[in-house]
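Residue numbers (the working numbering), protein chains in the order written: chain U, 1 to 241; chain A, 1 to 456.
Here's the structure, in structure tokens; my notes come after.
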Amino acid sequence: MSVPILEIRNVTKSFTRGGETLTVLRDLNLVVGEGEFLGIMGPSGSGKTTLLNLIAGLDKPNRGDVRIGGQAVSAMNEAQLATWRTRNIGFIFQFYHLLPVLTAFENVELPLLLLPISAQKRREQVLNALDLVGLSDRLHHRPGQLSGGQQQRVGIARAIVTDPTLIVADEPTGDLDARSAVEIMNLMDELQRGLKKTILLVTHDPRAAEHAQRVVHLEKGQLLESAPTEAALATAVSAAQ
Amino acid sequence: MFTRIYQQLAADWVNLAAALLAVVIVGGGLAYVLLQPRLFLLGLKNLRRNLLRTMLTAVAIGVLAVMITTIWTIIYFIDLIQTERSKDLKVIVTYKWSVPSQIPMNFKDYLDPTSPGLLLKLREPPTDQGKPLYGKDDFMIWSFFGGTTDPQKITPDTLIFFFVMHPDQIIPMMDDLGDLDPKLVQAMKEKPQACLLGKDKLKAINKQVGERFRLTSFNYKGLEDLDFEIVGVLPDGRYNASALMNMEYFNAAFDKYENKFKAPHPLAHKRLNLIWIRVKDRDMFDRIGGVIEDAPEFNQYPVKVETASSLIGSFLESYRVIFMAMKFLLVPGMLAVMALVMANAISITVRERRTEMAVLKVLGYSPNQVMLLILGEALFVGALAGMLAAGLTFAFFNGLWGGIPFRIGFFPVFRIPESAFLWGLGIGAVTTFLGSAIPAWTARSVKVSEVFSKVA
């Protein structure tokens with residue numbers, strides 16, 4: 001494995017609802033290398049989204065340690081996390097979550113507004129990101145004027161525009177038709193192969209998971225490693241050649 | 001205008017507070033726009049997303065600002081005229097035992113600084129040669145002369161109530177008439193029958209400047225009807241229903257009566273109603289007041305000395321409960337209700353946008369920035385709507401009627417002060433701040449993981 005970019009050590013996360021404590025993740029360990037495309041699968045309620053939330057610093061573990069690029073995410077306060085997320089995490093959502101009042105350009109620009117860069121540089125980065133997802137001709141369209149697939153592309157552009165350490169995708173094809181889902185997964189392949197991005201993909205969809213180099217299964221709060229996927233084999237073959 | 005605003009701010013703590021609040025709001029707003037320009041623009045775009053709701057919110061704040069500006073103008077004016085000044089006090093000398101005051105005309109000679117009969121104690125020592133304690137521009141006498149233009153049909157429109165005075169005393173001594181055109185004063189001096197009427201009174205009797213009318217007195221029955229020539233209009237505002245006539249003409253009417261009937265008019269000896277003296281400070285007021293009240297010259301008709309504000313205060317005593325209720329119940333109640341309405345409206349907005357807040361947090365926006373976004377949107381609408389509404393109220397009432405046409409006693413209209421713009425700004429900003437504080441805090445506290453788990 002390449003240099004670890006994400007390290008999860010002995011993480012436990014439980015929730016208390018109605019006076020009952022439910023442990024969702026139990027002493028979980030996971031290491032993801034730089035440039036790796038990891039798929040996380042599991043049945044509903046297995047804790048996939050909880051795991052992503054912990055990785056993205058959106059929630060804190062009850063026990064254990066989450067480190068990204070050597071930084072302990074779980075030790076940061078909310079304000080530090082906000083700043084850290086801008087630079088280190090690109091989040092892709094199942095339901096896109098674009099701001100309806102903003103154009104595609106403005107939605108992608110949102111995270112960049114928090115960084116100390118010039119307007120010119122900001123514009124360049126936004127245009128590059130939208131170009132990469134094939135939406136250069138939809139800059140001034142609002143989400144309501146775009147198809148589901150196009151909206152997800154804008155979501156992806158927004159996730160990569162800050163050049164983050166890690167891209168976290170939560171069911172990115174879950175709300176798309178089959179054709180759009182393939183397009184989105186191909187795009188994620190390009191991100192991983194072309195830009196060497198580290199991607200964590202949470203999905204129910206085995207066809208989407210096939211794009212990952214490694215797939216882990218979450219069951220009862222524990223991770224189970226799967227056999228290498230076709231994508232992993234293809235990567236290994238191309239590396240050997 | 002800016003001088004007037006400065007005077008209004010200095011005269012009243014509410015205005016001062018509104019000005020300080022305006023500085024904080026405008027300063028804070030500018031800082032927000034300069035430091036977080038994109039967040040500000042995002043806020044503007046958010047306001048556009050549900051234009052109807054934004055407009056209704058703005059209109060609600062606007063209506064509140066109109067109502068409070070109107071009510072507060074009356075309270076402000078009443079407070080202002082009842083507030084004792086520490087400098088440039090006006091002493092009012094009236095008959096001690098009855099209202100309305102009626103005192104002999106020769107009493108003015110004891111108090112007129114140009115009269116040889118001025119009380120010796122009202123001169124600087126040595127008392128028989130010293131300068132008077134106040135100048136000729138600090139002295140004024142008033143008589144009241146009421147009559148009708150149509151004795152057969154006495155209606156409010158045919159009635160005219162004159163302040164009878166020496167024309168030279170108008171500009172230096174009458175409140176709010178310092179800017180009166182001196183040509184009008186000159187015209188009154190040249191023509192004894194000349195008079196100045198307020199805009200409303202002129203309209204009521206259906207006359208114009210240059211026209212004449214005849215008045216039959218109702219408070220000095222037996223005097224011959226007097227002919228008047230309208231030489232000018234009093235400035236728009238508090239004098240709209242008033243009228244000024246020349247003291248010489250008034251006195252001549254009594255002389256004419258005496259010549260005709262070989263006896264003075266039954267009320268001739270007490271046809272003077274008020275004597276006004278302006279003094280520089282409270283000490284001088286006490287000194288002059290003591291001299292006048294102790295002077296044996298006034299024994300036959302004892303006089304009392306009080307300030308203009310206390311006289312007006314006594315007159316307005318019957319309205320006191322209403323004013324108190326307006327000031328301490330109605331206005332705060334309206335502000336509280338509007339803050340609750342705002343809280344409800346903004347809470348709905350925040351609830352609808354919880355996911356959006358969470359997305360912003362995921363993208364790296366700090367909780368405080370999310371809170372600022374909500375507060376900024378609310379305050380922008382509130383402050384702007386409040387200020388515009390107050391401005392429109394100012395322009396509408398002052399432009400159309402010279403003020404709010406709500407007659408209380410001898411105040412026919414209440415001119416909205418320029419500082420009302422600050423009230424509007426403050427009303428809008430404070431109510432929306434109170435209304436948006438809790439929803440904004442809720443937005444700040446949105447837990448990203450909870451929102452997304454619900455969505456997913």
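Here a beta-carbon is modelled for each residue, glycine too, at the ideal position from N, C-alpha and C.
Because the structure is a prediction, the values reported are computed rather than measured.
Item: Beta-carbon neighbours of U/PRO111, restricted to chain A and to distances below 8 Å; Value: LEU363, GLY364
Item: Per-residue burial, U/GLY155 [other beta carbons within 10 Å of its own, 16 or more giving buried]; Value: buried
Item: Neighbouring residues, chain U, relative to A/VAL430 (Cβ below 7 Å); Value: What A/VAL430 touches in chain U: nothing, since even the nearest Cβ is about 27 Å away.
Item: Whole-angstrom distance between A/GLY376 and A/TRP276, CA atom to CA atom; Value: 53 Å
Item: Within-8 Å CB hit, A/VAL455 to chain U; Value: Unreliable positioning characterises A/VAL455 in this predicted model, as indicated by a pLDDT of 44, which lies under 50. A coordinate reading is not provided.
Item: Proximity to U/LEU130 [Cα-Cα], best of U/GLN152, U/ARG67, U/GLN192; Value: U/GLN152
Item: Option in A/GLN82, A/GLY426, A/PRO405 with minimal Cα separation from A/LEU460; Value: With chain A covering 1 to 456 only, the question about residue 460 of chain A has no answer from this structure.
Item: Nearest neighbour of A/LEU335, chosen from A/PRO412, A/GLY424, A/LEU274, A/ASP294 [CA to CA]; Value: A/GLY424
Item: Cutoff 8 Å: A/GLU352 Cβ touching any chain U Cβ; Value: no
Item: Segment limits, beta strand (DSSP E) that includes A/LEU359; Value: One point to set straight first is that residue 359 of chain A is Val, not Leu, in the sequence displayed. It is not in any beta strand (DSSP E) - A/VAL359 instead sits in the alpha helix (DSSP H) that spans 354-363.
Item: As assigned by DSSP and simplified to three states, the class of U/PRO143; Value: helix
Item: Interface flag, U/ASP205 vs chain A, CB-CB below 8 Å; Value: no
Item: Identity of the residues DSSP links to U/HIS217 by a beta bridge; Value: U/MET41, U/LEU224
Item: Per-residue burial, A/GLY210 [other beta carbons within 10 Å of its own, 16 or more giving buried]; Value: exposed
Item: Between the CA atoms of U/LYS121 and A/LYS447 - distance to the nearest angstrom; Value: 32 Å
Item: Reduced DSSP secondary structure (H/G/I, E/B, other) of A/ASN50; Value: coil
Item: Assigned secondary structure, U/ARG158 (DSSP; H/G/I helix, E/B strand, else coil); Value: helix
Item: Entirely enclosed beta strand (DSSP E) segments - the region 17-82 of chain U, minimum 3 residues; Value: 20-33, 37-41, 63-68
Item: Limits of the beta strand (DSSP E) - the one that A/TRP276 falls within; Value: 274-281
Item: Cβ-Cβ distance between U/VAL126 and U/ARG63 below 8 Å; Value: no
Item: Residue-level contact to chain A via CB, U/PHE105, 8 Å cutoff; Value: no
Item: Per-residue burial, A/LEU34 [other beta carbons within 10 Å of its own, 16 or more giving buried]; Value: exposed
Item: Collapsed DSSP secondary structure at A/TRP13 in the structure displayed; Value: helix
Item: Interface flag, A/ALA443 vs chain U, CB-CB below 8 Å; Value: no
Item: For A/LEU197, the three-state DSSP class (helix, strand or coil); Value: strand
Item: Residues bridged to A/LYS108 (per DSSP); Value: DSSP lists no partner for A/LYS108.
Item: Proximity below 8 Å, CB of A/ARG238 to CB of A/PRO412; Value: yes
Item: Exposed unless 16 or more other CB atoms sit within 10 angstroms - verdict on U/HIS140; Value: exposed
Item: Cβ-based neighbour list, A/LEU120, same chain, cut-off 7 Å, excluding 5 preceding and 5 following; Value: THR127, ASP128
Item: For A/GLY469, the three-state DSSP class (helix, strand or coil); Value: The structure shown has nothing for residue 469 of chain A, since chain A only spans 1 to 456.
Item: Closer than 8 Å to chain U by CB, A/THR355; Value: yes
Item: Closer than 8 Å to chain A by CB, U/GLY221; Value: no
Item: Supposed contact pair A/HIS269 and A/SER220 - C-beta distance, whole angstroms, cut 8 Å; Value: Per the sequence shown, residue 220 of chain A should be read as Tyr rather than Ser. That pair is no contact at about 12 Å.
Item: 6 Å CB neighbourhood of U/ALA75 in its chain, flanking five on each side removed; Value: none
Item: Local Cβ density within 10 Å of U/GLU109, reported as buried at 16 or more and exposed below that; Value: buried
Item: 7 Å Cβ shell around U/VAL161 - same chain, five flanking residues per side excluded; Value: VAL108, PRO111, LEU112, GLN125, VAL126, ALA129
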